[in-house]
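Residue numbers (this note's numbering), protein chains in the order written: chain A, 4 to 115; chain B, 69 to 181. C-beta: ideal position from N, C-alpha, C; glycine also.
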């Protein structure tokens, strides 16, 4: 079945540690996105990539990094520079220029 | 800059009744896409309905329909015959080709049995 997978579902991090959230899609989509969602809030764009080996910062990129070495994978690293990383993280993908985004199930990150 | 506004943080509806969720947006483009996404307690974002701006006909998907008013930049979602499973957070979103998505802050819908 085609879809988007995110792992892990829950992630705990100690302060000062970098962690990487995985996002994989087998929909053959060109574009991939990372969003952050805080309680009771909407989605805020962290990074997006429209083609392999290229990505752009979104509205809240500080303290995060990404890579896009393969079309199907778009991992997000939350670095120690991100001061308040506890949140729900959603990955999405779409055909380039086609509009509709499809989402993964999300990763809940908690900083201990 | 594009913005999406959902002015109703919370709404409620009796089971089997109809409810309308509001959304307005700001853009200088003429060709774009609008969406409604549903986020139930599982937090999985699910596409409800999509509207292309060049189409005058309002999109419908079973019990879900939109009222798209391009000149007014308004895009409301109507849910008919509301069911308990419709209870969720609903997000309005805007997309312009080659650009990023813009989401509203969401409307929390409660369905009363």
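Residue i at chain B interface by Cβ criterion, 8 angstroms
i                     : result
residue 6 (chain A)   : no
residue 66 (chain A)  : no
residue 85 (chain A)  : no
residue 44 (chain A)  : yes
residue 104 (chain A) : yes
residue 24 (chain A)  : no
residue 19 (chain A)  : no
residue 51 (chain A)  : yes
residue 48 (chain A)  : yes
residue 79 (chain A)  : no
residue 115 (chain A) : no
residue 93 (chain A)  : yes
residue 88 (chain A)  : no
residue 108 (chain A) : yes
Cβ distance (whole Å) where residue i is taken to contact residue j below 8 angstroms
i                     : j                     : result
residue 103 (chain B) : residue 115 (chain B) : 7 angstroms
residue 173 (chain B) : residue 74 (chain B)  : 6 angstroms
residue 102 (chain A) : residue 101 (chain B) : 4 angstroms
residue 77 (chain A)  : residue 40 (chain A)  : So it is not a contact: roughly 17 angstroms between Cβ atoms.
residue 113 (chain B) : residue 106 (chain A) : 4 angstroms
residue 150 (chain B) : residue 83 (chain B)  : 6 angstroms
Cβ pair residue i, residue j closer than 8 angstroms
i                     : j                     : result
residue 85 (chain A)  : residue 61 (chain A)  : no
residue 30 (chain A)  : residue 5 (chain A)   : yes
residue 13 (chain A)  : residue 95 (chain A)  : no
residue 112 (chain A) : residue 81 (chain A)  : yes
residue 164 (chain B) : residue 95 (chain B)  : yes
residue 76 (chain B)  : residue 90 (chain B)  : yes
residue 55 (chain A)  : residue 88 (chain A)  : no
residue 34 (chain A)  : residue 83 (chain A)  : no
residue 143 (chain B) : residue 93 (chain B)  : yes
residue 134 (chain B) : residue 147 (chain B) : no
residue 108 (chain B) : residue 152 (chain B) : no
residue 119 (chain B) : residue 127 (chain B) : yes
residue 45 (chain A)  : residue 171 (chain B) : yes
Chain A within 8 angstroms of residue i, Cβ atoms only
i                     : result
residue 79 (chain B)  : no
residue 174 (chain B) : yes
residue 115 (chain B) : yes
residue 124 (chain B) : no
residue 101 (chain B) : yes
residue 143 (chain B) : no
residue 166 (chain B) : yes
residue 137 (chain B) : no
One or two residues paired with residue i in a DSSP bridge
i                     : result
residue 80 (chain A)  : A:23, A:68
residue 95 (chain A)  : A:36, A:106
residue 94 (chain B)  : B:71
residue 120 (chain B) : B:101
residue 87 (chain B)  : B:147
residue 106 (chain B) : B:114, B:158
residue 112 (chain A) : A:14, A:90
residue 169 (chain B) : B:163
residue 132 (chain B) : B:129, B:147
residue 81 (chain B)  : B:179
residue 57 (chain A)  : A:54
residue 73 (chain A)  : A:76
residue 28 (chain A)  : A:7
residue 48 (chain A)  : A:38
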